[in-house]
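Just add 43 to the spot in the sequence shown (first one is 1) and you have the numbering used here.
Ideal placement from N, C-alpha and C gives every residue a C-beta, glycine not left out.
From a predicted model like this one, the values you see are computed outputs, not experimental measurements.
Here is the structure we will look at.
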Amino acid sequence: TGRWGPTAGGGGGVGASGGAEPQEEVQWTGLEAFMASLGLERYTPILEKQDLRDPEALRHVTDEDLKEMEIATIGARRKLLAGIRRLTESKVVVGGAGAPAAVPPSDLI
44 TGRWGPTAGG
54 GGGVGASGGA
64 EPQEEVQWTG
74 LEAFMASLGL
84 ERYTPILEKQ
94 DLRDPEALRH
104 VTDEDLKEME
114 IATIGARRKL
124 LAGIRRLTES
134 KVVVGGAGAP
144 AAVPPSDLI
């Protein structure tokens, strides 16, 4: 149904190469779905106005940035920062049911 969140079969742990892999896989279907999953959809227009529409752009957002954008409540800022942290610590799969492209966190710079 186009929700942002963990996808089935998203494993984690240390791979055969010995490097750490993301703990979970998340489906990125857009900023609106991401914000709705956090219960913060009312702030979507603020992020869009700042061109913060994708995981790559969001990963660099700080608490100070959110204050400057006038997201004033501590609760909203903490929820949003936790959601962004989850994005950066996960393997992000962009798109819907078509042919999603996997984006490792290291490539979201």
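- With 16 or more other CB atoms across the displayed protein chains lying within 10 angstroms of its CB, I114 is buried.
- Taking 8 Å as the upper bound for CB-CB distance, V136 and E68 are in contact here, some 6 Å apart.
- Here R120 is buried: its Cβ has 16 or more other Cβ atoms, across all protein chains shown, within 10 Å.
- Secondary structure note for E68: its beta strand (DSSP E) is the uninterrupted segment E68 to W71.
- Where D106 is concerned, the enclosing alpha helix (DSSP H) starts and stops at D106 to E111.
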